[in-house]
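Working notes, beginning with the structure itself.
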DNA sequence: ATAATAAAAGACCTGCATATCTTTTATTAT
DNA sequence: ATAATAAAAGATATGCAGGTCTTTTATTAT
């Protein structure tokens, strides 16, 4: 639904928002390491986001990426629009060229509910909303450490 | 969400169910023409479906594809499982390896609603359900003819 | 000034979904 | 038997998302 690029973008932005201030920036390598993403590829994506002023970057020593207060209020849908475009939210689940009230596919109404629901979701949630959840300990943007204590994953020996 | 292959499969099956009986079969070329799909590629897909006994095929003159009564009751999710697999319905929208109640991504609950909803939808609807809608004139599986009379698409000159 | 750092930019590679083309096999009609 | 038909099967091509590698540019610290 969302491309990998888009997912990488969203997770990185949230990570940057969580870990930086205008003074303390964070580099591609560290983001890539912490989120387990391919560093060079991530570079391209962050470039795009920088060009669109969704995040800020500084080159050279102590450089890296950060995100200002204002940008943290950006809604997820904006980022999706920049990376993937918004065609998905107006497309037919069965691939019909035109799928509308006048010429619906057999699941038009059903698909529409979910597509519209996701659109509403992405249109209502901001970067900051994600970060808050993480800071409250109610969500994660990094992968679970499989060897963490108390995780069901292990415990079988 | 569904791959092109899967969409081609679903549309073709519905088309076959709508247009054939055990006596009157339909060939790849005609299906491809009517649904505007690449014929040879479609062949491969129909092969898979035949192997899985979701449709039936006969070679030679007057041969082609058909679908028996019993197979028309097959649910869409079965076809999706054959062509795409069902990983999607158990995956994280943010790409986390583990995304669960214990280690949720920031939109875990929201994504889950839509994923589960789609799963229920595909699990409840059969080929026959699709065909019925079409035969009742309440849905289409072929693309709209842009030059059809009374379609908003044109009418601007 | 120089060296070190880190993003930006550009060129290139890879794998897979998608698509095409050709040959083979099964079936039917003559 | 033979020719025609149509799916099956196999080999090959294409396009693009995803990923890597190298060079350039901007910035900072010494």
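Chains as they are written, first to last, in the working numbering: chain A, 1 to 157; chain B, 1001 to 1157.
Every residue gets a Cβ at the ideal spot worked out from N, C-alpha and C, and that includes glycine.
message: Pop quiz: residue 1013/B and residue 1054/B are said to be a contact at Cβ under 8 Å. What is the actual Cβ separation, rounded to whole angstroms?
response: Taking the first residue of the second chain as 1, we reach residue 1013/B at position 13. Taking the first residue of the second chain as 1, we reach residue 1054/B at position 54. So it is a contact: roughly 7 Å between Cβ atoms.
- prompt: Just curious, the alpha helix (DSSP H) that residue 65/A is in, first and last residue?
  reply: To locate residue 65/A, count along the first chain from 1; it is residue 65. Unbroken run through residue 65/A is the beta strand (DSSP E), 64-66; no alpha helix (DSSP H).
message: Let's test the definition: count the other Cβ atoms within 10 Å of the Cβ of residue 1133/B and tell me whether it reaches 16, buried, or not, exposed.
response: Numbered from 1 along the second chain, position 133 holds the residue referred to as residue 1133/B. Looking at its Cβ environment, which holds 16 or more other Cβ atoms inside 10 Å, residue 1133/B is buried.
query: What number of angstroms, rounded off, separates the C-alpha of residue 1113/B from the C-alpha of residue 1121/B?
result: In the second chain, counting from the first residue as 1, residue 1113/B sits at position 113. In the second chain, counting from the first residue as 1, residue 1121/B sits at position 121. For the pair residue 1113/B and residue 1121/B, the Cα-to-Cα distance works out to about 12 Å.
- prompt: Between which two residues does the alpha helix (DSSP H) carrying residue 1124/B extend?
  reply: Counting from one through the second chain, the residue named residue 1124/B turns up at place 124. From DSSP, the alpha helix (DSSP H) with residue 1124/B extends over 1108-1124.
- prompt: residue 1098/B: which of 92/A, 145/A, 91/A, 23/A sits nearest, CA to CA?
  reply: Translated into the one-based positions of the second chain, residue 1098/B becomes position 98. Among 92/A, 145/A, 91/A, 23/A, the Cα nearest to that of residue 1098/B is on 145/A.
- request: Specify, as a first and last residue, the run of the beta strand (DSSP E) that residue 1057/B falls within.
  value: Taking the first residue of the second chain as 1, we reach residue 1057/B at position 57. Residues 1056-1058.
task: Can you have a look at residue 1002/B and say buried or exposed, based on whether 16 or more other CB atoms are within 10 angstroms of its CB?
output: On the second chain, position 2 is the one that residue 1002/B refers to. Buried, by the Cβ-count rule.
message: Using C-beta distances below 7 Å, list every residue in its chain close to residue 7/A, excluding the 5 sequence neighbours before and after it, in chain order.
response: Your numbering for residue 7/A matches position 7 in the first chain. Answer for residue 7/A: no residue qualifies.
query: Touch check for the region 52-69 of chain A and the region 27-41 of chain A: three-plus C-beta pairs under 8 Å?
result: Yes: the two stretches touch, three or more of their Cβ pairs being nearer than 8 Å.
query: Buried or exposed: residue 47/A, going by 16 or more other Cβ atoms within 10 Å of its Cβ?
result: Your numbering for residue 47/A matches position 47 in the first chain. In the assembly as shown, residue 47/A is an exposed residue. Its beta-carbon has fewer than 16 other beta-carbons within 10 Å.
field: Neighbour list for residue 34/A in chain B, Cβ cutoff strictly below 9 Å
entry: The sequence position of residue 34/A within the first chain is 34, counting from 1. Residues of chain B with a Cβ closer than 9 Å to the Cβ of residue 34/A do not exist, since the nearest Cβ in that chain sits about 13 Å away.
- request: Give the interface partners of residue 104/A over in chain B, defined as CB-CB distance under 8 Å, in chain order.
  value: Here residue 104/A refers to the residue found at position 104 when the first chain is read from its first residue. Against residue 104/A, the close residues of chain B are 1138, 1139, 1140, in the order they occur along the chain (beta-carbon pairs closer than 8 Å).
task: With a cut-off of 8 Å on the beta carbons, I'd call residue 1089/B and residue 1119/B a contact; round off their distance for me.
output: For the purposes of this step, residue 1089/B is taken as the residue at position 89 of the second chain. For the purposes of this step, residue 1119/B is taken as the residue at position 119 of the second chain. Yes, they are in contact, since the Cβ atoms of residue 1089/B and residue 1119/B sit about 5 Å apart, within 8 Å.
From 9/A, 91/A, 143/A, residue whose alpha carbon lies closest to that of residue 41/A: For the purposes of this step, residue 41/A is taken as the residue at position 41 of the first chain. The shortest C-alpha separation from residue 41/A is found at 9/A.
message: Let's see if you can read the secondary structure: which residues bound the alpha helix (DSSP H) around residue 1050/B?
response: The residue you call residue 1050/B lines up with position 50 of the second chain. Counting along the chain, the alpha helix (DSSP H) containing residue 1050/B begins and ends at 1039-1051.
Within 8 Å of chain A by C-beta, residues of the region 1068-1093 of chain B in sequence order: Those residues of the region 1068-1093 of chain B placed with their C-beta closer than 8 Å to a C-beta in chain A are 1093, ordered along the chain.
- request: Provide the residue span of the alpha helix (DSSP H) that contains residue 1130/B, from first to last.
  value: Locating residue 1130/B in the second chain gives position 130, counting from the first residue. Its alpha helix (DSSP H) spans residues 1127-1135.
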